[in-house]
Every structure is written in C-alpha cells, then in structure tokens.
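First to last, the sequence lines map onto chains Z and H. Here the first sequence is numbered in my numbering, starting from 26 and rising by one per residue. Here the second sequence is numbered in my numbering, starting from 114 and rising by one per residue. Glycine residues also receive a C-beta, built at the ideal position from the N, C-alpha and C atoms.
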Amino acid sequence: MKAAKGIYRDVEKLYRLYALYNRSQEQLQQHVKIVDQNLAQNFGSGQLNREWVKFDFLMSGVKFEGSEVFKADIPETTFGYLLFCEGVKALLVSRNMEAKDLLQWETRIREFVESQDVGKNQESDLASMLWKNPHPSIRVYLYNSLLEVTSEGSDGSTDQGMGGALISDNTSMGVSSQTSGGIKGNVLWRDRDVDWDLPSGELVYHQMSEADDLKAEQVERLRAELADASVSDRARKILPFRSDEVDGLRQEMEMFDQNHVDFNLLARYFAVLKSSSKLDPKALAPILQAIAKVAVAIVDRFHGGLIVFYLKRLQMIEAGGVSADVVTKLRSYLKESVSKPENLLLLSSALNEASRVKIAKQLVEFLESKDRPILFTSLSDMNRENGIQAFLQVLIEKVPDLDQELLKWGEERIVRLIPHLQKLNWADSSKFFARCLRFRSPSILRAILPLLGELSMKFEEASSLFERLTDQEKHLFLEGLLSPRTLKDWAIFVRRYLQKDTWFQGSEDLTGLWTRVALRHLGGEAFQVIDPVIGARSFRFWPQYSTARSAILEVLLSHKESSLRSKIHELVDREKGLLFQNGELKQRLKDYR
Amino acid sequence: MSVSKNKVNLEAGENERVSIPLSILSASLLRGLYQFLRQTEVHDPSNKMFELTLKEVLRPIENLLSQPGQTGISFTYRGELFFINGVRQKPKPRYFYIYRFLLKFFKQRKIGGFRILQKPSEKNLSVFLWAVSKIKDESEPAREVNQFLNAQGIREIEVHPLTGRKEGSGEEDKALGDIELIVATLYRRIHKFVETSFDNRERAKDFQLKPVQESLNELALLAEEDLVQMLRLISIKRYDRPLPYRATNACFLMMAWGRALRLPVGVVIELAGSALAHPMALLAEASESPVDITLRSLEVIQSLHEVWPLSELQRLAVMEWRMPYGKEGVYEIEGVKCYSHFFSRMLRIVATFEELTTYEKGKRTFLPDEAMTEMMKRGDMDPTLLKIFINWLGVYPIGTIVQLQSGEVAQVFAGASDPLRFQRPIVMVVKTSSGQLLDRPELVDLSDMNAKLGVYKKSIKKSLTAEEAQIPERLLQMTPIAI
Numbered sequence: 026m027k028a029a030k031g032i033y034r035d036v037e038k039l040y041r042l043y044a045l046y047n048r049s050q051e052q053l054q055q056h057v058k059i060v061d062q063n064l065a066q067n068f069g070s071g072q073l074n075r076e077w078v079k080f081d082f083l084m085s086g087v088k089f090e091g092s093e094v095f096k097a098d099i100p101e102t103t104f105g106y107l108l109f110c111e112g113v114k115a116l117l118v119s120r121n122m123e124a125k126d127l128l129q130w131e132t133r134i135r136e137f138v139e140s141q142d143v144g145k146n147q148e149s150d151l152a153s154m155l156w157k158n159p160h161p162s163i164r165v166y167l168y169n170s171l172l173e174v175t176s177e178g179s180d181g182s183t184d185q186g187m188g189g190a191l192i193s194d195n196t197s198m199g200v201s202s203q204t205s206g207g208i209k210g211n212v213l214w215r216d217r218d219v220d221w222d223l224p225s226g227e228l229v230y231h232q233m234s235e236a237d238d239l240k241a242e243q244v245e246r247l248r249a250e251l252a253d254a255s256v257s258d259r260a261r262k263i264l265p266f267r268s269d270e271v272d273g274l275r276q277e278m279e280m281f282d283q284n285h286v287d288f289n290l291l292a293r294y295f296a297v298l299k300s301s302s303k304l305d306p307k308a309l310a311p312i313l314q315a316i317a318k319v320a321v322a323i324v325d326r327f328h329g330g331l332i333v334f335y336l337k338r339l340q341m342i343e344a345g346g347v348s349a350d351v352v353t354k355l356r357s358y359l360k361e362s363v364s365k366p367e368n369l370l371l372l373s374s375a376l377n378e379a380s381r382v383k384i385a386k387q388l389v390e391f392l393e394s395k396d397r398p399i400l401f402t403s404l405s406d407m408n409r410e411n412g413i414q415a416f417l418q419v420l421i422e423k424v425p426d427l428d429q430e431l432l433k434w435g436e437e438r439i440v441r442l443i444p445h446l447q448k449l450n451w452a453d454s455s456k457f458f459a460r461c462l463r464f465r466s467p468s469i470l471r472a473i474l475p476l477l478g479e480l481s482m483k484f485e486e487a488s489s490l491f492e493r494l495t496d497q498e499k500h501l502f503l504e505g506l507l508s509p510r511t512l513k514d515w516a517i518f519v520r521r522y523l524q525k526d527t528w529f530q531g532s533e534d535l536t537g538l539w540t541r542v543a544l545r546h547l548g549g550e551a552f553q554v555i556d557p558v559i560g561a562r563s564f565r566f567w568p569q570y571s572t573a574r575s576a577i578l579e580v581l582l583s584h585k586e587s588s589l590r591s592k593i594h595e596l597v598d599r600e601k602g603l604l605f606q607n608g609e610l611k612q613r614l615k616d617y618r
Numbered sequence: 114m115s116v117s118k119n120k121v122n123l124e125a126g127e128n129e130r131v132s133i134p135l136s137i138l139s140a141s142l143l144r145g146l147y148q149f150l151r152q153t154e155v156h157d158p159s160n161k162m163f164e165l166t167l168k169e170v171l172r173p174i175e176n177l178l179s180q181p182g183q184t185g186i187s188f189t190y191r192g193e194l195f196f197i198n199g200v201r202q203k204p205k206p207r208y209f210y211i212y213r214f215l216l217k218f219f220k221q222r223k224i225g226g227f228r229i230l231q232k233p234s235e236k237n238l239s240v241f242l243w244a245v246s247k248i249k250d251e252s253e254p255a256r257e258v259n260q261f262l263n264a265q266g267i268r269e270i271e272v273h274p275l276t277g278r279k280e281g282s283g284e285e286d287k288a289l290g291d292i293e294l295i296v297a298t299l300y301r302r303i304h305k306f307v308e309t310s311f312d313n314r315e316r317a318k319d320f321q322l323k324p325v326q327e328s329l330n331e332l333a334l335l336a337e338e339d340l341v342q343m344l345r346l347i348s349i350k351r352y353d354r355p356l357p358y359r360a361t362n363a364c365f366l367m368m369a370w371g372r373a374l375r376l377p378v379g380v381v382i383e384l385a386g387s388a389l390a391h392p393m394a395l396l397a398e399a400s401e402s403p404v405d406i407t408l409r410s411l412e413v414i415q416s417l418h419e420v421w422p423l424s425e426l427q428r429l430a431v432m433e434w435r436m437p438y439g440k441e442g443v444y445e446i447e448g449v450k451c452y453s454h455f456f457s458r459m460l461r462i463v464a465t466f467e468e469l470t471t472y473e474k475g476k477r478t479f480l481p482d483e484a485m486t487e488m489m490k491r492g493d494m495d496p497t498l499l500k501i502f503i504n505w506l507g508v509y510p511i512g513t514i515v516q517l518q519s520g521e522v523a524q525v526f527a528g529a530s531d532p533l534r535f536q537r538p539i540v541m542v543v544k545t546s547s548g549q550l551l552d553r554p555e556l557v558d559l560s561d562m563n564a565k566l567g568v569y570k571k572s573i574k575k576s577l578t579a580e581e582a583q584i585p586e587r588l589l590q591m592t593p594i595a596i
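Pasting the structure below:
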C-alpha cells in the first residue's frame, strides 16, 4: 500500500511539475532522477510483487486495490481528475517504467489537452488518443458503458465515485449472476502477455453451457409476453447477460490492441499470398503494400510473437512456390529490425524470462549470423544464465556447422562461451573445443583445459599440448581429466605419459594431481608407475624422490576407493618403515587404517 | 504545490502556479452545478451540505474568471452540447450523467443558459442557483429570474431563456427542424460520398468529394437521439440501389450504438467509419471464402484509398465482418485461428440488421423486430454483442411501424422513458383505429398507466410492414404533436 501510494504520488508529481516549470526540461531533470530512485525503491520494496500496478480513477480520488492512495481537495488541479474526466478508468504502470517514460507520456497528454484549449486537435479527444496509442510501460483502461452493467439486485452504484451518486443509464442490461457452473470465457486470451504473446484465436475459448445459449423459442416466448398489457417479471429483462461475458467484452473495449489487429490482418494477407501463384502481379501489389504497412508497425513495437509469426508465414509461402522476389521483398521489411541494438536487448531480456522464452527462442532462429555474437554478449554481460542456455540450445538445434561459426565470435566471447557450452548436450562440443585449442590463446586455453577430458585427442597431440603448458595450466589440464565426464580414451594418454620419467618431476601439487589422474584412469595398474617412484631409495635409507613420494603418499592416504585399499595398505606398510623421512608423514603412515 | 530540492508538496490549496486546462475547469464547473442543483431537488436550502457544494461551483468560476482575457463566463447549450464561453464541451464518457441531468434541469425550466459577468459572492451565487431551481410553471421564467436577481441587487449574473422551444408555437418545429435538417444534410452528404465512390472506384478523386472524415466528425457531435431519429425518418428502406444506403444507415446506427456504449468519441467515429465502408466487402462479389473476401475487399479499399482512406482497424473490420462468429468467435484462415475483433463483431450485427431490413428484389424484407429474431436464430453473431444491441435498440426499434391493441397504427418514435420497460416506447400515432390518417402525428407514451385500473393505457399488438400500414412517407416525416 505504501509503495503503491509512493508510485502514484510520483505520477502526480511529474505531471504537476511539468506544468509548474512550464516545460523547462532542465528543472525537470533533477526530479526525473529522484522519481527514478523512488520507483526503484517502491517496486523493489517487496510490497508489489507484480508486473503491473493498477490505479483506479474515481471522481473522489485514486484507489489501489480498493484503498485510497491519492485524494485532493481541489481535484481539478490533479492529473487523476484530468484522466477521470476524459474517461480513463484505470492506469497501469509497469515495473519497468522509468521516470522519463512517465514524463514523456504525461507531456504528450498535457500538450494534447493544451492544444485543444487553443482550438487544435478538435476532431479528436484524449481518451481516443490514449486508446489508440498504447505506451509499452504505461497502459490505460478506458471507461465504457458495460462498466455500468451491474448484477441483478445491486443498487447500481459502481465505481463512479462521488459517494455512489450515479445511477446507471443501462439498468435494462441486467446481468444474470446465475451462471451454470464454472464458466470463465477467454481466460487465456485475457491473461496473455500483450506485448509478446501471439494474439491467436488458439487462446480463445468459450465454455458456453447449454443453459446459457440463446434459444430461439425462449426469445419468441418472451416476445409474446411483452405484448401483454401487464409486464411479467421474467420479461423485464429480455436477454439477460452472464457477468463473465460482459466482463470479457468490456475488457476488449477498454484497451485497444494493435497486436490483435495486426495478427488478423497478417493471417489474411499471407493466406492470399499463399494462393498468389494464381494471381497476376497487379493483384498482388495491394497485398504487398498492406503487408509492408503491418510489418513496419510490428517492427516498431518489436512484438516477438508477431515477428515470429510473420517470418514463419514467409517460410510457408516460400515453400509453397511464391516468387522469390516477393519473399525477398517481404523479408527485407523485417531484416534490419531484429538487428537493431535496442531490439537485441529486448530479445536478450525475453530469453531470460520464463514466460517469453518460448517465443524468444523462435525469434533467435531468424537472427542473422552477425547478430548472434552481439546477443550473446548482451546475455553474458547481464549474467542471464537461463537466457544463455536457451539461446545456445536454439543455435545447437538450428545452426548447421555451429562450431565453425562460434570460432568466428572472437577470443573474448569464446572464453565466456566455453563454460556454457560445456553444460549443454551438444554433440559437436568436443570438436569445437579441440578447434579452440588451435587458437593458442592463453585465455581460451585456460577456459578449455578444465574441459579437456571431454575431448578426444591423439596421444602426441595431447602430450605436445601438455608439454608446452605452464604449471598453472597443467594443473587445469589434469583437473580436466578428473571430471566425471572425462572420456575413457584418456587412459591411453595417461598410461603412455606416465611412462615418461618427467611426470613426477614437477611441483608437489602436479605430482599429486598426476597420481589422482593415474588412479582414476588406470585403477590398480597405476601402482606399476607409482610404486617405483615411492619405493626408489638413495643410500638405502633415504627416499630418492622425496617430494614426489610425499605428494603421491598424501594422495594414497586420502584415497577412498575400496578396490585399491589392500594395495594402498601394502604400500603404506612398506613405506612407514623407512628410516629417514618427514616425521609428520611417517606418523600419518603409521596411523593409516 | 511547493517544490524544494528533493521534495514536492502536492497538498491541495497551493496550486496558484499550476495552470489548469480550460477543458478541466469547464468540466469542473459542470460537475459543481450538477452537485448543487441535484441536491436542490430533494433538500431544503438550510441543509449544511450546500455550503460545501456551493464552494465546488464557485471555485471553477473563480478559476475561469482568472484566465487571461476572460471578462465573464457564458453558459449555454444546444442539442446535447454545452458551450462555456462559446467553446463546445465535448461529451466526456464519465460525465454523461451530468450532461443528462443538467440538460433536463435547464430544459424543464426553459432556461437556455446564463452569464456571469464578474465573480459573484457565495451568497449571491446561492441566491441565483436557488432561484433557477425553484422555477415551476412561470410563463417567462428567465425574465422572472432576472427580475428577482435585480431586486436582490445581484447584477453580476443573468439568465437567458430557452429560445425556439416554446410549446405550441411554430418555433418548436423550427428548433426541431434545425437539428433534423443538420442530420438530414449529413445523411445526404455521406450517402452521396458513398454512392459516388462506389460507382467510380478508379476515378473517385475526380469528383472532388468532401472528405468523409469531416462528415463523420460532425456526425459525432450530434446527440444519440438525433442519430436514431434519422433512422426513424428512413425507416422505409426501399431503394433502387440499396448498397450506398445500407452503408449510410449502418454508419448512423453504429455511431449511435457506439455512443450508447460510451466509447471514446474518436473510437466511435472509427467504428462508424467501418460501418460506412462495410459494403466494400460486398462490392466485388467475393465468395464466402475468407481469402477471396480479403483479396477483393483489398482491391476496393486500395482503389478508393485516396478519397477514402481506412485505418488498419477499419480495413480489418471490412474484411472480417462477414466471418460467422461460430461458437467461440474464432475463425480459421489457412490453418491460422483468428479471433474476430470486436469492431468486426459489432459490424456484422449492424450490417446484417441493415441487410435484413432493407428491401431487395427477390429477398424477404424483415421488419426490425423480425430481423432481430432472425439474427438470434441464426446464431452466427457474437451473442453478447447481439444482446446488447437488442437491449439498446429495444424489441421495437425506433422507426418500427406497429399496430396498437386499441387498433391505431403508430411508428416507434423514441426509446422507452423507463429503461426497464423498453417494450413500451414512445410512439407516434399516425392512423386512428378506424383507419383514418391523422393530419399530424401525435406522440403517445406507452408506459402511461391508467391510474384507476392500474393497467397500461395502450400497448403494442404487433409490428407492421410498410405495405400493411399504408402510411404516406410525408406523414412519417412530420414533427409530431408533443405528449
């Protein structure tokens, strides 16, 4: 409640400041910043866990969920009163709304009203202007007389304010509350995401029960009754309404839905194009012009669902043998739109949202290859993990030779890309990782080494790679061979490499890692290479490779695999008797159980 | 309102520097008058509530007078439109009840308006408002109110009479005639536009037609009742070339229906524009296939584009209205399911009503009530919108010729005075029970009751066709004698 109050207060504040400062942007800007902070605070307060916040306008004030959030003694100075007078029933603000959006929207309203005061724009009215020009983050619901339709038996006072002073003009349109069980028409249609979901007829359903159907006999009977001199109660309302059907219609009338119009038009235009092989080019011209007009509109609004629909219809007519020229022309309308940086940002956001990801993924299919790395960067910059996964999944499914394309994305992106690709079930991932290794880029190398185990490499190739690595990189390499997803083939590399005397001559850490790798890939066979290193002596009582011996024994002491325990016990028993060795290690060997 | 660096005080009363749009001040004045005058009908002047409501009238008066260049406030009305300082106040959907009340209030008292020459005191304003509210059966109420105000020493306010509406005089006819003339002129102009455009699709621009949008804008200014009255005047729909008439009639009907639904004015104009254009889907004799309808309609739309541009929504409505509603309002076109727009669904109802009630050779012509029954039987229209349409228009729509149980023949003149009794409209009796035509039609309110018997004085027996009724058209077009 407090947060909603705060948000509405800012709506009023900016409007009145605009009038007060006589449009001086400079003076307004400081308040725009403050309003932005307020909006962030109010929407982030946890009190408003919803995408849109709705304020209802009454003559007496403004309400949020039935509670008053704003009231002024002199209503005509307020923005709320202006909207109320012009027929606005409710204002909805999105949590994505910024102060500049609000100011811009309110400026448009103020300018419109002022222009009417000086005799301009007389052919239009504010309500119609708002109805026809929805704002992406600010919506208005407009008043219509269906709002006055009240339930049978109610006193007719609805939300008209002024203490219920109003009496409905349309009491004849009584609403029957006797619905015959579970009727909720158009639920999917009403609940859809109007900025993104396709306004398809698939979302519409009416569960009209038999009892509510209009029966001709009933109508006839009522008409006969109406001819009687006395009016029966039943005939008082000729055709009663169900509350849900009126509600659905009222909602349709409250707000203009350009997407609905565009969708229906596109469906029709493309249906005509599908049969265009029978049409002469002259007949085709109006269709193409009409489609171009809609295409520009959906691109301007960047409605994901409609863009996908458009492109899919295009594919359909292309397959149907429509002239290539026509298809190219139609595609050109949308070609550049998706590439616009602001639209890629919108797509990035949609990929990360559970409600929009389905459409967003379809839209990714139509991205040009040059735009894909840009979208990835946007997703990655914003740490949109879900979005990245969704995006890469589409690429994996739809882009042929993806490994080659990804290699062109540049070093920085590849580095960011590698951990995400590793999480996906991509058949070509090892092929891609192997190609990445050829980059000889230290950053790519560091990114790829932990995944090495998943790649299939020849011994010489892997050995040569290992030899040229720094200790830190070798560390990553060996850890990669320990990952659960490591291929069994790496046992060959491990076996052959351990035959070299060099494997235990690095740092203690590396020797320990090699020991773990050996145990993992070779099992008991590992002791054939471990044992000689541990058991090597100098002058009979000193370990010959003291550092390596400690590192290996440390690993063995903490090794839990039961199948190797007897062998480890055997080694530990032997080594704990060595006279000259680190006292701490000796004690641990003695303590080993 | 005060502003410090980080804080804006929005408390009321500190609004001196914020300019208020004139339209809002005017709306506020109408609201204030409504609040005060409404209460005068039920409360005594001593009631304390008037202290507060008087302030609600005085405040917009002060604000209006303080506007640069304002020397006074003139308040008047014409038809259903209010004018404040000569500026037409657009009917605002949520203010409709205020308009209705004030119009009725001033018309009943035969007051045509008033003028405030300078800021009145609270007391003087109260005296003036009460003087107007107490008008009863005075022969010259305006003159008497002015005399009373003068006697009280109030010279800053004066009222003027309702001119041209004097009962029993020729002036009433003239006033009514004026509005009917305006409506009829618009009707003819729109019809001519449609006919010329349809007949000369490729070269319609050569005819230098007045843009139809201008006519629609003018039409939107007329009262809903005036629009419906036009439909009464053209209730005998027998034309040599019906399509342009069907377009024009549908346009008027839709304009009135949209107004009744209190949709924003611009939306109503667009809706009426769709209705006017709806025969474009019929002109090229397209089949019932949606693809064919789209293609043919688009050809017509495109050929007329220069003289008759349509919005995207209007285009859709023209192409979509012929789609049957089905059970779910969804139709399929090449595998895509589309939900008909409410414009298209409304248009289907209006267009069908016009089609059924307009004479066409070889086809049955329906009476309005028969047409509505037929539309309900067909079940191919949005049932909710159809019910709204029928409830709005009434079982016996304006213009329907009916026979009363007492034997007289009449034409439905206006909707019922009681909205719950829409089967009891005001009718215009044109023929006596013995079959004799009246010299001039007479209005009868069918909701009038016989107080002694407790039954209605007159009731409708049945509707009649023009042929059955045998009424000369000139009689139907005469202004009737008032109730």
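{"Item": "Neighbourhood of Val466/Z by C-beta, 6 Å cutoff - its chain only, sequence neighbours within 5 removed", "Value": "Checking the displayed sequence, the identity of residue 466/Z turns out to be Ser instead of Val. Cβ neighbours of Ser466/Z beyond the five flanking positions: Glu436."}
{"Item": "Contact set between Phe455/H and chain Z, taken where Cβ atoms lie within less than 8 Å", "Value": "Leu274, Glu277 and Met278"}
{"Item": "Through-space distance from Ile593/Z to Ala576/Z, alpha-carbon basis", "Value": "14 Å"}
{"Item": "Any 3 or more C-beta pairs closer than 8 Å across the region 186 to 197 of chain H and the region 233 to 253 of chain H", "Value": "no"}
{"Item": "For Ile211/H, the first and last residue of its enclosing beta strand (DSSP E)", "Value": "First-last for Ile211/H: Phe209 to Gln221, but that is the alpha helix (DSSP H), not the beta strand (DSSP E)."}
{"Item": "Whole-number beta carbon distance between Phe137/Z and Leu128/Z, since they are thought to touch under 8 Å", "Value": "15 Å between Cβ atoms; not a contact."}
{"Item": "Beta-carbon spacing of Leu167/Z, Trp156/Z below 8 Å", "Value": "yes"}
{"Item": "Neighbouring residues, chain H, relative to Val229/Z (Cβ below 7 Å)", "Value": "Glu441, Gly442, Val443 and Tyr452"}
{"Item": "Cβ contact check for the region 404 to 414 of chain H and the region 286 to 298 of chain Z: 3 or more pairs under 8 Å", "Value": "yes"}
{"Item": "Residue range of the unbroken beta strand (DSSP E) whose run includes His273/H", "Value": "Ile270 to Pro274"}
{"Item": "Within chain Z, the residues that Lys205/H reaches when beta carbons sit closer than 7 Å", "Value": "Cys110, Glu111 and Gly112"}
{"Item": "Start and end residues, alpha helix (DSSP H) containing Ala152/Z", "Value": "Leu151 to Lys157"}
{"Item": "Straight-line gap, Ala28/Z to Gln66/Z (C-alpha atoms, nearest Å)", "Value": "8 Å"}
{"Item": "Complete alpha helix (DSSP H) runs within the region 91 to 147 of chain Z (minimum length 4 residues, chain order)", "Value": "104 to 110 and 124 to 142"}
{"Item": "First through last residue of the alpha helix (DSSP H) which encompasses Val87/Z", "Value": "No alpha helix (DSSP H) holds Val87/Z; the beta strand (DSSP E) holding it covers Val87 to Phe89."}
{"Item": "Sequence-distant residues of its chain with Cβ nearer than 8 Å to Leu290/Z (five each side left out)", "Value": "Ala315 and Val319"}
{"Item": "Span of the alpha helix (DSSP H), counted from its first residue to its last, around Arg191/H", "Value": "Not the alpha helix (DSSP H): Arg191/H falls in the beta strand (DSSP E), residues Ile186 to Arg191."}
{"Item": "Any chain Z beta carbon closer than 8 Å to Gln183/H", "Value": "no"}
{"Item": "Interface flag, Gly226/Z vs chain H, CB-CB below 8 Å", "Value": "yes"}
{"Item": "C-beta neighbour in chain Z for Ile137/H, strict 8 Å", "Value": "yes"}
{"Item": "Collapsed DSSP secondary structure at Met162/H in the structure displayed", "Value": "helix"}
{"Item": "Chain-ordered chain H contacts of Lys299/Z [CB-CB under 9 Å]", "Value": "Val404 and Glu447"}
{"Item": "Beta carbon of Phe466/H nearer than 8 Å to that of Trp370/H", "Value": "no"}
{"Item": "Element boundaries [beta strand (DSSP E), containing Phe464/Z]", "Value": "Phe464/Z -> no beta strand (DSSP E), and no H or E assigned at all."}
{"Item": "Any 3 or more C-beta pairs closer than 8 Å across the region 346 to 363 of chain H and the region 325 to 336 of chain H", "Value": "no"}
{"Item": "Neighbourhood of Leu223/Z by C-beta distance below 7 Å, restricted to the same chain and skipping five residues each side", "Value": "Phe288, Gly330, Leu331 and Phe334"}
{"Item": "Ordered list of alpha helix (DSSP H) runs contained in the region 490 to 557 of chain H, each at least 4 residues", "Value": "496 to 506"}
{"Item": "The region 307 to 315 of chain H contacting the region 469 to 486 of chain H, beta-carbon criterion three pairs below 8 Å", "Value": "no"}
{"Item": "Of the residues Ala523/H, Leu506/H and Val508/H, the one placed nearest Ile514/H, counting alpha carbons only", "Value": "Ala523/H"}
{"Item": "Beta carbon proximity, Arg314/H to chain Z, threshold 8 Å", "Value": "no"}
{"Item": "Cutoff 7 Å; reference Ala519/H; Cβ partners in own chain excluding five residues on either side", "Value": "Sequence inspection shows Ser at residue 519/H; the Ala mentioned does not correspond to that position. Once the five neighbours on either side are set aside, the close Cβ partners of Ser519/H are Ser546 and Lys571."}
{"Item": "CB contact flag (Ser508/Z, Gly478/Z, <8 Å)", "Value": "yes"}
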